[in-house]
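What follows is a short report on a single structure.
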Amino acid sequence: MRVGRGLSRSSPRPYGRSRGRSQKVPWLYLAPALVLLGGLLVYPIYQLGLISFFEYTQAQVSGGEPTTFQGFGNYAELFSDSQFWQVLLATVVFAAACVVSTLAVGCALAVLLTRVRAVPRLALMLAALGAWATPAITGSTVWLFLFDPDFGPLNRLLGLGDYSWTYGRLSAFFLVLLEVVWCSFPFVMVTVYAGIRAVPAEVLEAAALDGASQWRIWRSVLTPMLRPILVVVTIQSVIWDFKVFTQIYVMTNGGGIAGQNLVLNVYAYQKAFASSQYSLGSAIGVVMLLILLAVTLVYLRLLRRQGEEI
Amino acid sequence: MKLAPRLAVLLTALAVTACAPQTSTNSSSDKDDKTGTLRVWLFQEVGNKPKEKVVDSVVTAFEKAHDGTKVDVEYIPVETRAQRVKAAFNDPASAPDVMEYGNTDTAGYVKDGGLLDVTKEFGDWTESKDTDPTARQSVTVAGKVYGAPFYVGVRALYYRTDVFEELGLEVPRTMAELATTAREIRAAKPELYGLVVGGAYTYGAMPFVWANGGELATGKGDSYTSAIDSAAARKGIKAYTSLFGDDNCPAAKCAGMGGNDTITAFAAGKAGMAIGGDFSHAAVEAGKVKGKYAVVPLPGVKAGSVAPAFAGGNNIGVLKSTSHRTLAVQLMEQLASKKTQASMFEAMGFLPTFGDVREKAAAEKPYVKPFVETLASGTKFVPASPAWSEIDSSLVLPTMLQEVISGKKDVAGATGDAARKMDEAFGSAG
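These protein sequence lines map, in sequence, to chains G and Y. Read in order, the letters of the first sequence correspond to residues 128 to 437 in this note's numbering. Read in order, the letters of the second sequence correspond to residues -6 to 423 in this note's numbering.
Rendered as structure tokens:
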């Protein structure tokens, strides 16, 4: 970005005919990508937004009843539903907990990777890649089995008897959090590890010679240097964890006892597909999209203000 | 920055050109071809072979009777039926002509515009006069008939004869005795659930409401009002939810269970009693408790009475989009005929929907006697409103039960909330 901008600034401004041409050429090059993005991204979002303004249930889809324009009716219904706010709050808190835990575990293990010998490093890498490669459904089922009150080995190990992890709201969320962290820390770990490897060894050596502790090096040397990478993994994690679906759906059986473990994505699914209220589900989808966009934009803006470019 | 106005123009253009999301033109087909291929969707059961055999013989006879007609039967998995049926309604070209469907879905499918009104044909069909009233109700929406009943299913009380004998217990004759017996079993044998119950087992809980004089909803046709928060219904909910506890079925384990989980627990020998259907017979027979259990109708509030059971079951209907109207209706009648139902009972144990056929079946196979008795003493059905599918799939009742069981709300609060949600659904669907 910076390089490109610098060039265009220093090169003399083209006048006349050539100006028009040079404006078109980049668009021409971009066209294939834009068409693809338009088809795969803009069109579905456009449909999502469109549906959210109509009364659109199974009866409308299959032509049993005419579609009627609702304006912001679906949104009004959603915002007046106390369960929606409760689910939204749970989603935000749960996603935040997942992001913090994932980043902490991922970064800690990345630093660990740089400090150990080849064999343990390989073992840790393989274990992490295994977790990463495991499909979410398989992972969730295995975690559920590990914590099963009747047959799970973990309760026996911890001496908890037949304690049911999925019964209480917090313990069920905690169980899902463990699985989410388990399957998403490898991405953070590998990315941050690659970033640390790219940091010149002299810098770290100098810091070590100055007597900095491992924590100090991480905080004052690595974090500033790795900022662009950390930004990317944080945004990725926020988006992933905010949209978590499979783990909740599988591990709490579609939202837990009396819907206590619902998160927005599962809630949208229940509305859209279980109850066939596609329009309400779409409205939830649009709200999620806006929240995620807002979070990402605010985060990027904050970084800009600190003078960082990514 | 120049992009913004262009984008705005583009978006406006899009919004103007396409003003509504897509809908399928699923109007009834005017065609009534007398030859060609009829497509049929039936449910894939656990152990489907015997069902296929019965269906094959019906199909062969039908093809022989109608020259130039071919019948193409497909068995669809029960778990994914909702998606399949939705897809069929959305795309008439790939839809079947005749299909089997769960009777609680009738009103919803009618509202979706998927099922053909066969009131006249059903009335003209000689066998239909023997159809029992509950089964007839399950294909009727607002006075019109949308299919033929295929089989009924009811639930009754399974109990372990060996456990009862060992502990010297009597078979409970009232709902109060049921609870005390359950606790006695649990007290004497802590490794067993007394009566295994599930927080997500709506149709196991409803008999408690009905036996206490409560109703799911009152009304007719288009205007239903929830009655789940009435005093009588609350009494039933209280009776059912009080069974969740360390003295019978610990909430931490049982709150999340559904109907199948309770049957699995009973079949594995982990429970003294369970509420199971005639359709659960095969599963229990295949379990550890084979030969060590018996079935009686679920007792009601007064001694000697039977708690009204939910009349579940499946129907066979014709899709509105069929291009073989006459043939499809005839095939529906053949698939749901007395003869087919009798052989289907032989093959699969599905209870016939005709009173006379059912009596004959009970005489042949003693195990169906308690279920036939339950049917005879009166059953209940869910409100014949399109809103029911929504209430069912948005888990209003399991949520209500689980809120009480987990202590999040008291009976009054939970039933009040459930009634509000049901009324909302009735209101928006009506």
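Don't be surprised by glycine CBs; every beta carbon is placed ideally from N, CA and C. Everything numeric in this text was worked out from a predicted model, so none of it was measured.
Could you spell out where the beta strand (DSSP E) holding residue i opens and where it closes?
| i | result |
| --- | --- |
| residue 250 (chain Y) | No beta strand (DSSP E) holds residue 250 (chain Y); DSSP gives it neither H nor E. |
| residue 142 (chain Y) | 141 to 146 |
| residue 31 (chain Y) | 29 to 37 |
| residue 217 (chain Y) | 216 to 219 |
| residue 168 (chain G) | From DSSP, residue 168 (chain G) is part of no beta strand (DSSP E); its letter is neither H nor E. |
| residue 114 (chain Y) | First-last for residue 114 (chain Y): 112 to 117, but that is the alpha helix (DSSP H), not the beta strand (DSSP E). |
| residue 308 (chain Y) | 305 to 311 |
| residue 186 (chain Y) | 186 to 189 |
| residue 183 (chain G) | Segment: none, residue 183 (chain G) is in no beta strand (DSSP E) and carries neither H nor E. |
| residue 93 (chain Y) | 91 to 95 |
Quick check: the Cα distance between residue i and residue j, rounded to an integer number of angstroms?
| i | j | result |
| --- | --- | --- |
| residue 330 (chain G) | residue 250 (chain G) | 28 angstroms |
| residue 81 (chain G) | residue 275 (chain G) | A question about residue 81 (chain G) goes unanswered here, because the residues of chain G that appear run from 128 up to 437. |
| residue 374 (chain Y) | residue 127 (chain Y) | 7 angstroms |
| residue 168 (chain Y) | residue 194 (chain Y) | 18 angstroms |
| residue 237 (chain G) | residue 346 (chain G) | 14 angstroms |
| residue 88 (chain Y) | residue 34 (chain Y) | 9 angstroms |
| residue 353 (chain G) | residue 195 (chain G) | 52 angstroms |
| residue 330 (chain Y) | residue 48 (chain Y) | 12 angstroms |
| residue 395 (chain G) | residue 408 (chain G) | 5 angstroms |
| residue 259 (chain G) | residue 314 (chain G) | 7 angstroms |
| residue 366 (chain Y) | residue 290 (chain Y) | 7 angstroms |
| residue 141 (chain Y) | residue 209 (chain G) | 42 angstroms |
| residue 63 (chain Y) | residue 249 (chain Y) | 46 angstroms |
| residue 421 (chain Y) | residue 400 (chain Y) | 30 angstroms |
| residue 137 (chain G) | residue 427 (chain G) | Low local confidence applies: a pLDDT of 45 at residue 137 (chain G) is under 50, so the model's placement there is unreliable, and no value is given. |
| residue 179 (chain G) | residue 398 (chain G) | 12 angstroms |
| residue 403 (chain Y) | residue 271 (chain Y) | 33 angstroms |
| residue 205 (chain Y) | residue 168 (chain G) | 55 angstroms |
| residue 211 (chain Y) | residue 344 (chain Y) | 28 angstroms |
| residue 265 (chain Y) | residue 60 (chain Y) | 56 angstroms |
| residue 10 (chain Y) | residue 66 (chain Y) | Model confidence at residue 10 (chain Y) stands at a pLDDT of 47, short of 50, so the residue's coordinates are unreliable and nothing is read from them. |
| residue 157 (chain Y) | residue 44 (chain Y) | 36 angstroms |
| residue 256 (chain G) | residue 262 (chain G) | 12 angstroms |
| residue 109 (chain Y) | residue 242 (chain Y) | 45 angstroms |
Name the two residues that bound the continuous alpha helix (DSSP H) containing residue i.
| i | result |
| --- | --- |
| residue 68 (chain Y) | Careful: residue 68 (chain Y) lies outside any alpha helix (DSSP H), inside the beta strand (DSSP E) at 62 to 70. |
| residue 353 (chain G) | 350 to 369 |
| residue 264 (chain Y) | Element bounds for residue 264 (chain Y): not the alpha helix (DSSP H) but the beta strand (DSSP E), 264 to 270. |
| residue 255 (chain G) | 245 to 260 |
| residue 353 (chain Y) | 348 to 357 |
| residue 286 (chain Y) | Element bounds for residue 286 (chain Y): not the alpha helix (DSSP H) but the beta strand (DSSP E), 286 to 289. |
| residue 396 (chain G) | 391 to 396 |
| residue 41 (chain Y) | Neither: residue 41 (chain Y) is in no alpha helix (DSSP H) and is coded neither H nor E. |
| residue 319 (chain Y) | 318 to 328 |
| residue 214 (chain G) | 209 to 242 |
Considering only residues of the same chain and omitting the five flanking positions on each side of residue i, which have a CB-CB separation below 7 angstroms?
| i | result |
| --- | --- |
| residue 286 (chain Y) | 151, 152, 153, 154, 277 |
| residue 418 (chain Y) | 380, 383, 384 |
| residue 390 (chain Y) | 195, 411 |
| residue 46 (chain Y) | 340 |
Ordered along the chain, which non-local residues of its own chain (more than five positions away) have a Cβ less than 8 angstroms from that of residue i?
| i | result |
| --- | --- |
| residue 378 (chain G) | 267, 270, 271, 293, 299, 302, 303, 306 |
| residue 416 (chain G) | 172, 175 |
| residue 229 (chain G) | 307, 308, 311, 312, 315, 364, 368 |
| residue 223 (chain Y) | 207, 208 |
Between residue i and the rest of its own chain, which residues show a CB-CB distance below 6 angstroms, the 5 nearest in sequence each way excluded?
| i | result |
| --- | --- |
| residue 318 (chain Y) | 25 |
| residue 90 (chain G) | The shown model of chain G, from 128 to 437, leaves out residue 90 (chain G), and the question about it has no answer. |
| residue 141 (chain G) | A caution first: residue 141 (chain G) carries a pLDDT of 48, below 50, which makes its placement in the model too unreliable to give a value. |
| residue 306 (chain Y) | 96, 144, 145, 146 |
| residue 370 (chain Y) | 299 |
Just to confirm, are residue i and residue j a CB contact at a threshold of 7 angstroms?
| i | j | result |
| --- | --- | --- |
| residue 219 (chain Y) | residue 412 (chain Y) | yes |
| residue 304 (chain Y) | residue 145 (chain Y) | yes |
| residue 259 (chain Y) | residue 233 (chain Y) | no |
| residue 401 (chain G) | residue 105 (chain Y) | no |
| residue 85 (chain G) | residue 234 (chain G) | This structure does not reach residue 85 (chain G), given that chain G is present from 128 up to 437, and the question cannot be answered. |
| residue 148 (chain Y) | residue 267 (chain Y) | no |
| residue 378 (chain Y) | residue 100 (chain Y) | yes |
| residue 96 (chain Y) | residue 121 (chain Y) | no |
| residue 333 (chain G) | residue 344 (chain G) | no |
| residue 83 (chain Y) | residue 393 (chain G) | no |
| residue 356 (chain G) | residue 322 (chain G) | yes |
| residue 190 (chain G) | residue 16 (chain Y) | yes |
Query raised in the report: Pairing CB atoms from the segment 383 to 401 of chain Y with CB atoms from the segment 315 to 329 of chain Y, are three or more of them under 8 angstroms?
Result: Taking a contact to require three or more Cβ pairs closer than 8 angstroms, the segment 383 to 401 of chain Y and the segment 315 to 329 of chain Y do not qualify as touching.
**Report entry** Cβ contact (3+ pairs, closer than 8 angstroms) linking the segment 298 to 313 of chain Y and the segment 74 to 91 of chain Y
**Finding:** Taking one beta carbon from each stretch, the segment 298 to 313 of chain Y and the segment 74 to 91 of chain Y have 3 or more pairs nearer than 8 angstroms; the two touch.
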